[in-house]
Every structure is written in C-alpha cells, then in structure tokens.
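2 protein chains.
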Amino acid sequence: MVSNTRMRFLEVATRHFAENGFDGASIAAIARALGLTKQALIHHFGSKEKLYGEVLQQISDRLLSQIIQANVGADDPATRLEDLLLSLHEDRDGRADDTRLVLRELLDNKRRAERATNWYLKPYLDALTTLMRQVPGWETARDAEALAAVYQIIGAIYFFAISEPTLVRMFGERAYDRLETTYPARLRALIRACLRNPPAAPG
Amino acid sequence: MVSNTRMRFLEVATRHFAENGFDGASIAAIARALGLTKQALIHHFGSKEKLYGEVLQQISDRLLSQIIQANVGADDPATRLEDLLLSLHEDRDGRADDTRLVLRELLDNKRRAERATNWYLKPYLDALTTLMRQVPGWETARDAEALAAVYQIIGAIYFFAISEPTLVRMFGERAYDRLETTYPARLRALIRACLRNPPAAPG
DNA sequence: CACTCTACTTACCGATCGGTAAGTCGTCAA
DNA sequence: TTGACGACTTACCGATCGGTAAGTAGAGTG
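The listed protein sequences derive, respectively, from chains B and L.
Note that my numbering has the first sequence beginning at 47, numbered continuously upward.
Note that my numbering has the second sequence beginning at 47, numbered continuously upward.
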C-alpha cells in the first residue's frame, strides 16, 4: 500500500511547484503546509529533485490517461480529437496546477536539460499526434506536420489557461468572464479549420 | 546620457531572468557576468525587484514598438496583421529571452499580483486587438471576441517559441528542423482561418 | 522481552540569498 | 585646493536554502 502521507506530499508539492516554480518552492514550506517538517519530506523522497521528478511523472500519467479515456469514446476520429482538445480547455480549472507546471518545465528545460533523463511530455505528444493521424486526410501526414498542427492547438489552450490571473487583473472580472464565454466557440472553429486543412500528401 | 553599465546590466539581467526565473536568478550572478559585484547592481537599480521591473518595462516597450513599426507598413489591415503575427514567430530567436520572460511573468503573476502595479502586457494586447478590429468583418467585434482571437494566435506562437530546447531533446535536431520548416505555413493558415471567421455582429 | 522497521523529530551544517553600511577612487566644478 | 558626486568596493548582516546526523516514538514480530 502506498503511504497516504506520500500522496499528500505529492499533492501539496504540485501546487507549490506550479505556483512558485522549482526554485521558488521550498521543501520546508511544502512540509509545513502538511504540519510536518522538511526532514519528513526528505525521508519520503530523498531530495527535492526526486520529489519534483515524481510530481512530473504523476502529471504525465494524468495527461496520458485523459487521452486514453477519450480514445475509448465512440464517434469518428475527428470529433473524438475535437472533443478531447476542447475538454482539455474546459477542464483547465481542475488541472490548473498541472498546466502551469508543464509550462514551467518547458521554460526551465533549457537549464535542466543537461541533467534531465526522462521526457515526461513525449508520450503525451506522441499520443496526440497518433490521434491526429486517425483523422481523414491526415493518415499520411509526416510527423512534423501532425506535430505542428497539434502544437498550435495545445499552445492556444495552454497559453490561455495560465493567463487567467493576469487577464482578470488587466481587464477585470467581468471582461474575463466574457472572454471565457467566447473562447470555446473560437477554439472549436480553430480546431476544425486545422483538421480540415491537412498537409499535401508527401512524395 | 544613460549609463552604459546600466544598459549592460539590463541586457544580462533579461537573459538571467528569462533562463532562471525571478527566484532562480541571483543579482550576484548577474553582476558577476559583467565582472562587477552585486553591490554595483544595487547601486544602479536599488533592488532586485526594481531591476526586474525595468527589464519588464523594456520588453514591453520593444513589443509595442514592433507593432507600431508594423502598423506603418502599407497593404490592407488583414495582411498587415498577418505579417506582424508571422514576424512575431519568425523573429523568435532574436526575442527568445523576451518571450520566455513574458511567459514566466504570466505564470508568476498569481503570486506577484498583490504587489504588481503595472500591467506591462496590457498596451501590447490592446494594440493587437485594435489592429484586429481594422480587419474587414471585425470592425464591430466585441472586445472579448477580438481578444480571444488574438490570444489564440499568440498562444500558438509563444508556446512553440519556448518549446525549442524541449522539442530538440525529445525528437532530435533533424525532426525539430522539419517541424520548424512546416510551422510557418500552418501558422499562416491558422491566422487566415481566424481572420476569415469574424464573430456575428453584436446586437 | 528484545529486536527491527517506519515515520517522523530536533539540532545542526555550509552555502547562498537580498540588502545595508561605510568606505575608496576618479572626475568635474567652484 | 576643496568639496561634492557618481561608480564602484569590501565587509558584514540576518534569513533561508537543501541536506546530514542522530536521535525518538510507536507498531509489528520473534
């Protein structure tokens, strides 16, 4: 059985890393949020770096399982992918910390790349491009074409997702609500336009 | 005359903040990169926070001036905006640090929001939505509609821009080159699809 | 009862953080 | 010649960082 304390550590750590980044988060503060000392954290995870790795792994697992779930859904591949991408946008409140942390990891990667050994996002991107290639017209698309298309859409989704606090402050709560209301429709149009526009067949 | 040392400090600080974030960057390291001590930095800027503020202000100015330059270009509003957005993508190597720092600022904003007084990105976003509303069909679009459209596109651009190191590591240099080659064409298609699809006239 | 294991604790370490205080040194003006 | 000023320096501060060492308390096992 997996320790309950461990799980609670991972939960709190995800939030702290997401909000403050790897450097900004302190293991003492994470432990304090659970009423424990940082040495309890060290006892369970060995080091801050290893804790961070487990947090990323958990996020990676969540992302992938979301795709697998969506893949079971019936319908044709195009609407299936469209629904998945839109649910990525709609679920952003529940996954806010995950999204922030993924973005932070992309930003920190330049510095961390030397030490990094595991590419937590690769299975996720691979799964998305696989789904993309099931859409009519995209079957023969090169890797680069499918990845580019996927990347633009999740870029639009992720960028919006992390901007909420800033947009609310900039334009006010009501303006943000209106923006939030119009966004899904525009996003759907964007996805459809993208799917309807496959690359020319190679060769 | 503005001190040369000051400018060099701002340059180096931009790079350090972009790569390591506010917490990850240290004023001692920034000063050391110039062969000076951190007290020299404090002498010029007063505090780390103020240095960071000036770095953001400089980026904000650069972003805005890029729009102003593009706005002078002739042509019709649609291609003018299209060219501007594409140049945003094409120039990403030269502005890599700026982009990374803007993303970091969005991520940190939740924590910094209490203290923050200046919304560095607002003039930039306002300028972009203004350009958007000069495009035929968009003249009467609500703020939220124009902002949503702009946001999706710069989301796709920014997300890709910060991903280079990760993508290269994940898929290899050659695969990234192919991705980089196909991206602008897909981006152009995305922008056109977006501009050609204005919201229904309000009221 | 003795032993071990897990889950923590207190006490401490050296390093580094941002920032202050008090100079030093060269330039330029009166 | 003096005095002020800008551009730095060395020396230092308390706080906090991640991590180590050496325990302690409680449960389970023989």
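Don't be surprised by glycine CBs; every beta carbon is placed ideally from N, CA and C.
In this structure the region 227-235 of chain L touches the region 186-200 of chain B; the number of beta carbon pairs closer than 8 Å is three or more.
Contact annotation: residue 63 of chain B and residue 158 of chain B have beta-carbon atoms that are not nearer than 9 Å. Not flagged as an interface residue toward chain B: residue 173 of chain L, since no C-beta distance is shorter than 9 Å. Following the DSSP letters along the chain, one finds residue 231 of chain B inside the alpha helix (DSSP H) bounded by residues 219-241. Taking a C-beta distance under 9 Å as the contact criterion, residue 147 of chain L and residue 113 of chain L do not qualify as a contact pair. Distance from the CA of residue 102 of chain L to the CA of residue 174 of chain L, rounded to the nearest whole angstrom, comes to 18 Å. Contacts with chain L at 9 Å (Cβ-Cβ) do not include residue 93 of chain B. Within 8 Å of the CB of residue 190 of chain B, the CB atoms of chain L belong to 221, 224, 225, 227, 228, in sequence order along the chain. Excluding residues up to 5 positions away in sequence, 185, 187, 192 lie with their Cβ nearer than 7 Å to the Cβ of residue 179 of chain L in the same chain. The region 136-146 of chain B makes contact with the region 64-72 of chain B; the number of CB pairs closer than 8 Å reaches 3 or more. Going by DSSP, residue 106 of chain B is part of the alpha helix (DSSP H) stretching over 94-118. With fewer than 16 neighbouring CB atoms inside 10 Å of its own CB, residue 118 of chain L falls in the exposed class. Residue-level contact by beta carbon holds for residue 211 of chain L and chain B, with a gap shorter than 9 Å. Nearest Cα to residue 182 of chain B within the set B:125, B:233, B:154, B:172: B:125.
Interface with chain B (9 Å Cβ-Cβ cutoff): residue 216 of chain L is included. Residue environment analysis places residue 154 of chain L among the buried positions, since at least 16 neighbouring C-beta atoms fall within 10 angstroms of its C-beta. For residue 72 of chain L, the three-state secondary structure derived from DSSP is coil. When DSSP states are grouped into helix, strand and coil, residue 181 of chain L belongs to the coil group. Annotation: Cβ neighbours of residue 157 of chain L in chain B (cutoff 7 Å, chain order): 65, 66.
The C-alpha of residue 216 of chain L is placed about 30 Å away from the C-alpha of residue 240 of chain L.
For residue 124 of chain L, not one C-beta of chain B is nearer than 9 Å to its own C-beta.
Not flagged as an interface residue toward chain B: residue 84 of chain L, since no C-beta distance is shorter than 9 Å. The alpha-carbon of residue 209 of chain B is positioned some 13 Å away from that of residue 219 of chain B. Not flagged as an interface residue toward chain B: residue 185 of chain L, since no C-beta distance is shorter than 9 Å. Closest by C-alpha distance to residue 246 of chain B, out of B:136, B:222, B:130, B:190, is B:190. Under a 10 Å Cβ-count criterion, residue 176 of chain B is classified as exposed, with fewer than 16 other Cβ atoms of the shown protein chains found around its own Cβ. Residues of chain B whose Cβ lies closer than 7 Å to the Cβ of residue 149 of chain L are, in chain order, 149, 153. Under the Cβ distance rule, residue 69 of chain B counts among the residues neighbouring chain L, one pair being separated by less than 9 Å.
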